[in-house]
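Taken in order, these protein sequences are the chains called A and B.
Residue 1 is where the first sequence starts when you use this note's numbering, and the numbers rise one by one after that.
Residue 1 is where the second sequence starts when you use this note's numbering, and the numbers rise one by one after that.
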Amino acid sequence: MPETRPTAYDSKIEGNVIFTRFDAALNWVRKNSLWPMPMGLACCAIELMATAASRFDIARFGAEVMRFSPRQCDVMIVAGTVTYKMALAVKRIYEQMPEPKWVIAMGACASTGGMYRSYATLQGIDQLIPVDVYISGCPPRPEALLAGLMKLQEKISYERSFRNQKPELAERLEEVLG
Amino acid sequence: MSREELLNRFTKAFEAKLQFKTEFRGETTYTIAASDLRLVAKFCRDELSFDYLIDITSIDNFGEEPRFEIVYHLYSMSDSIHLRFKLKVPEETGAVDTVSDIWPTANWHEREAYDMMGIKFNRHPDLRRILMWEGYPYFPLRKDFPLEGLPSEMPDIAFTKVTPMEGGPFVTVPSTATSKDREPRARPPEL
């Protein structure tokens, strides 16, 4: 005679339990709540603001919480021309952001220096800090920034977050669990 | 005061001191000696109603003597008249008197001229760089400064590197031709 045994710890959520990898769950949480650090340095910042406003609505991707404190940010959106005078300030702000952190180089200037081939302009922010996503355009339209954000979300969803963040614990777990 | 009246008073006051006069599109430019600058500036403000100093610009005539030239752009708010006067500064002295006590706006304009061209202003109250950082070793708008820049290093403040020109500089052509003909391209100057 078949016997039924309750497996859920709470009858109210019975049937709603999902089994997944820890990394997948963690990445899912991370990628859908990317708090941006708006590093608005030139005209790209206007498009960044437009992206955050109602028409394009970056909130659809969970990135509407622009933080002006680097300590509460996940992704730095470098929007505009980085001059040499500003360069080390951008780097310092990046260094103050807590791990894990990502960088979007928005537009031609932030990616390569753009049309400013001169003594005063850093030729791409990737000379100072690691960049995850480059967005072309001068300035890029809000759709392009959203596409860049979705690319970053895609990248985050494949990260080995647990191993990256706790390498020793991950190794010990592997030993114990075989 | 009409424009003619005003210019007449100006030339009468400085008859012997005006070196050169040019007229272009209804605007007058006088060349004066650097030593007369403050005298002329005070007279223009107090007697001729030039209450607004629009800008101070500097020119590097590299290879000529004297090398630098400073242009003062004046405007009279009450009479709607432009006046320009300029003076030459040799490289050895490299300095003129400040007019920042006559027109306070000159303070930053003179700082910019100092920052970009390296021309000093005697008795300026606060002659620091205004665009580049304190300690940057060059004056980037001088003609002997390369467009791609020069490397420099100020730990924890700023650094500069040489910009890759990739066959440039990329310049547009002012014309009514199609945008394909006008777009920025590497156009080496024709020799």
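For every residue, glycine included, the Cβ atom is placed at its ideal position computed from N, Cα and C.
Close beta carbons around residue i, own chain, < 6 Å, minus the five adjacent residues each side
i, result
"serine 76(B)", "Ser49, Phe50"
"isoleucine 54(B)", "His73, Tyr75"
"arginine 3(B)", "Ile81"
"valine 131(A)", "Val103, Ala105"
"threonine 22(B)", "Thr29"
"glutamate 153(B)", "Phe159"
C-beta contact flag for residue i and residue j at 8 Å
i, j, result
"isoleucine 81(B)", "isoleucine 70(B)", "no"
"glutamate 117(B)", "leucine 141(B)", "The displayed chain sequence assigns methionine, not glutamate, to residue 117(B). Yes, Cβ-Cβ distance for methionine 117(B) and leucine 141(B) is below 8 Å."
"leucine 194(B)", "arginine 84(B)", "The displayed coordinates of chain B run from 1 to 191. Any statement about residue 194(B) would go beyond what the structure contains."
"aspartate 74(A)", "phenylalanine 162(A)", "no"
"threonine 163(B)", "tyrosine 119(A)", "yes"
"arginine 45(B)", "tryptophan 103(B)", "yes"
"threonine 31(B)", "phenylalanine 20(B)", "yes"
"isoleucine 157(B)", "leucine 88(A)", "yes"
"glycine 62(A)", "leucine 26(A)", "no"
"aspartate 101(B)", "methionine 1(B)", "no"
"methionine 39(A)", "methionine 76(A)", "yes"
"lysine 143(B)", "phenylalanine 43(B)", "no"
"proline 184(B)", "threonine 176(B)", "no"
"leucine 18(B)", "threonine 11(B)", "yes"
"histidine 124(B)", "glutamate 134(B)", "no"
Own chain, CB closer than 7 Å to residue i, minus 5 neighbours either side, in chain order
i, result
"proline 142(A)", "Glu47, Ala50, Thr51, Phe56"
"aspartate 115(B)", "Arg129, Ile130, Leu131, Met132"
"proline 151(B)", "Thr160, Lys161, Val162"
"leucine 147(B)", "Pro169"
The ligand GDP heavy atom lying under 7 Å from the CB of residue i
i, result
"glycine 114(A)", "The ligand content of the structure shown is nil, which means the ligand GDP is not present either."
Assumed close pair residue i, residue j - CB separation to whole angstroms, cut-off 8 Å
i, j, result
"valine 96(B)", "leucine 37(B)", "6 Å"
"arginine 117(A)", "proline 155(B)", "Contact flag wrong, Cβ pair sits at about 26 Å."
"methionine 37(A)", "methionine 97(A)", "6 Å"
"asparagine 122(B)", "threonine 98(B)", "6 Å"
"alanine 183(A)", "alanine 59(A)", "Residue 183(A) is absent from the model: chain A starts at 1 and stops at 178."
"glutamine 123(A)", "glycine 137(A)", "Actually they do not touch by this definition, with Cβ atoms about 18 Å apart."
"lysine 31(A)", "isoleucine 156(A)", "4 Å"
Cβ neighbours of residue i in the same chain (closer than 8 Å, five flanking residues each side left out)
i, result
"isoleucine 119(B)", "Ser58, Phe68, Ile70, Val89, Gly94, Ala95, Val96, Ala113"
"glutamate 166(B)", "Ala186"
"tryptophan 108(B)", "Ile130"
"phenylalanine 145(B)", "Tyr138, Phe139"
"proline 140(A)", "Cys44, Glu47, Met106, Gly107, Gly148"
"proline 174(B)", "Arg182"
"glutamate 47(B)", "Arg9, Ala13"
"arginine 160(A)", "Asp23"
"glutamine 165(A)", "Glu99, Pro100"
"alanine 170(A)", "Phe162, Arg163"
Problem set entry | the region 65 to 72 of chain A touching the region 84 to 103 of chain A, judged by at least three CB pairs closer than 8 Å | yes
Problem set entry | Any 3 or more C-beta pairs closer than 8 Å across the region 145 to 156 of chain A and the region 100 to 112 of chain A | yes
Exercise. Should the region 158 to 175 of chain A be regarded as contacting the region 78 to 88 of chain A, the criterion being three or more beta carbon pairs within less than 8 Å?
Worked result: no
For this session: Jot down the residue ranges of each uninterrupted beta strand (DSSP E) in the region 73 to 100 of chain B, minimum 3 residues, whole runs only, in chain order.
Result: 81 to 89, 95 to 97
For this session: Let me know the beta strand (DSSP E) ranges lying completely inside the region 80 to 149 of chain A, each 3 residues or longer, listed in chain order.
Result: 102 to 106, 133 to 135
Exercise. In chain order, which beta strand (DSSP E) runs of at least 3 residues are fully inside the region 106 to 141 of chain B?
Worked result: 120 to 122
Exercise. Along the chain, which unbroken stretches of the beta strand (DSSP E) at least 3 residues long are found entirely within the region 143 to 167 of chain B?
Worked result: 152 to 154, 158 to 160
Problem set entry | Whole runs of the beta strand (DSSP E) within the region 22 to 50 of chain A, excluding any shorter than 3 residues | 36 to 40
Problem set entry | Uninterrupted beta strand (DSSP E) stretches inside the region 18 to 84 of chain B (no shorter than 3 residues) | 20 to 24, 27 to 32, 52 to 60, 68 to 76
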